[in-house]
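Participant: Residue numbers (the working numbering): 323 to 550.
Quick one: structure below, then a few questions.
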C-alpha cells in the first residue's frame with residue numbers, strides 16, 4: 323500500500339502560498355509515497371514537482387484543479403492544462419483524452435465550487451473517482467454525502483488535504499493498493515477502486531488563514547494587473 327496525497331496547492335494557485343520545494347519537503351517529512359500538486363487552472367508547478375519528486379524519495383503525479391462551468395474537477399496524470407470554463411462533460415473528456423483520471427473533489431460543498439450545485443447525480447456518477455474526504459471541512463456532512471454516493475454507485479474513493487500551505491500536506495491521504503512506485507500503476511489502482519482513505523480535519527484557524535491569504539493574494543494580483 324502506498325500513501326498518496328492527491329489534492330494540494332502551491333503558490334501558483336491564486337490562494338496558495340508555498341513553492342514546490344516546501345511542499346515536497348513536507349510530503350517527504352510526513353512519510354508520503356506520492357503527491358500531486360493540483361493548482362487552480364495552472365499546471366506548471368505540478369509538472370515541476372513531478373520532475374523533482376524523486377529527489378525527495380517521492381513519486382510526483384502531475385495534476386490540476388480545473389474550474390469547469392459546473393465547479394471544480396481534478397485532472398490527474400495529465401501533462402497539459404485543461405482550460406477553465408468548459409462544461410462538466412467536456413472537462414471529463416479533455417482529461418481522459420490525455421489518459422488522465424477525472425476525480426471530483428468536495429462535490430457536495432457547494433460554497434467551495436462543488437459540482438453538485440449544477441449537475442445531476444447521474445452526471446456525478448460519470449466521474450472516474452470521488453473525493454470522499456476533504457480535510458477542509460466544517461461538520462463533515464459533505465464528506466459523508468460524498469462517501470455514501472460513491473459507495474452506492476460503486477465509484478473509486480479518494481481523499482485529499484486540499485492544502486494551500488505546506489504544513490497541511492498529508493492531512494488526508496489515499497491509501498493505494500499497489501507496490502509499484504510509479505504514476506501509471508498508482509492511477510490504474512485508483513481507477514480500479516483499489517483505495518482506502520484516512521484523514522483529519524484541517525484546524526479551523528488554519529482554514530481561516532488559508533482563506534484570508536487567498537483573498538489577500540487575489541487583491542494584490544488585481545492591483546498589480548492595473549499597473550501592467
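Idealized CB from N, CA, C, for every residue including glycine.
1) Can you tell which of 485, 522, 524 has its C-alpha closest to the C-alpha of residue 301?
2) Which residue from 403, 439, 501 puts its Cα closest to that of residue 422?
3) Kindly indicate which residue of 392, 406, 405, 416 has the alpha-carbon position closest to the one of residue 434.
4) Under three-state DSSP, which class holds residue 335?
5) Within 8 Å, do at least three Cβ pairs link the region 348–360 to the region 518–528?
6) Which runs of the beta strand (DSSP E), 3 residues or longer, sit entirely within the region 359–410?
7) Check residue 436 in the structure and name its three-state DSSP category.
8) Where in the region 449–497 do unbroken runs of the beta strand (DSSP E), each at least 3 residues long, occur, reported from the N-terminal end onward?
9) Within 10 angstroms of the Cβ of residue 545, are there 16 or more other Cβ atoms? Answer buried if so, exposed if not.
10) Would you mind reading off the limits of the beta strand (DSSP E) that contains residue 347?
11) Are the beta-carbon atoms belonging to residue 462 and residue 425 less than 9 Å from one another?
12) Within the same chain, show all residues whose beta-carbon is closer than 7 Å to that of residue 416, passing over the 5 residues directly before and after it, in chain order.
13) Within 10 Å of its beta-carbon, does residue 530 have 16 or more other beta-carbons around it, so buried, or fewer, so exposed?
14) Quick check: the Cα distance between residue 498 and residue 430, rounded to an integer number of angstroms?
Facilitator: Result, derived from the coordinates:
1) Residue coverage of the chain in this structure runs from 323 to 550, which leaves residue 301 outside it and unanswerable.
2) 403
3) 392
4) Here residue 335 sits in coil by DSSP.
5) no
6) 385–389, 394–398
7) DSSP, reduced to helix, strand and coil, places residue 436 outside both helices and strands of the structure shown, so it counts as coil.
8) 451–456, 479–482
9) Low confidence applies here, because residue 545 scores a pLDDT of 45, under 50, leaving its location unreliable; read the following figure in that light. Exposed is the label assigned to residue 545, since fewer than 16 other Cβ atoms lie within 10 Å of its Cβ.
10) Element bounds for residue 347: not the beta strand (DSSP E) but the alpha helix (DSSP H), 342–351.
11) no
12) 404, 408
13) Result: exposed.
14) 24 Å
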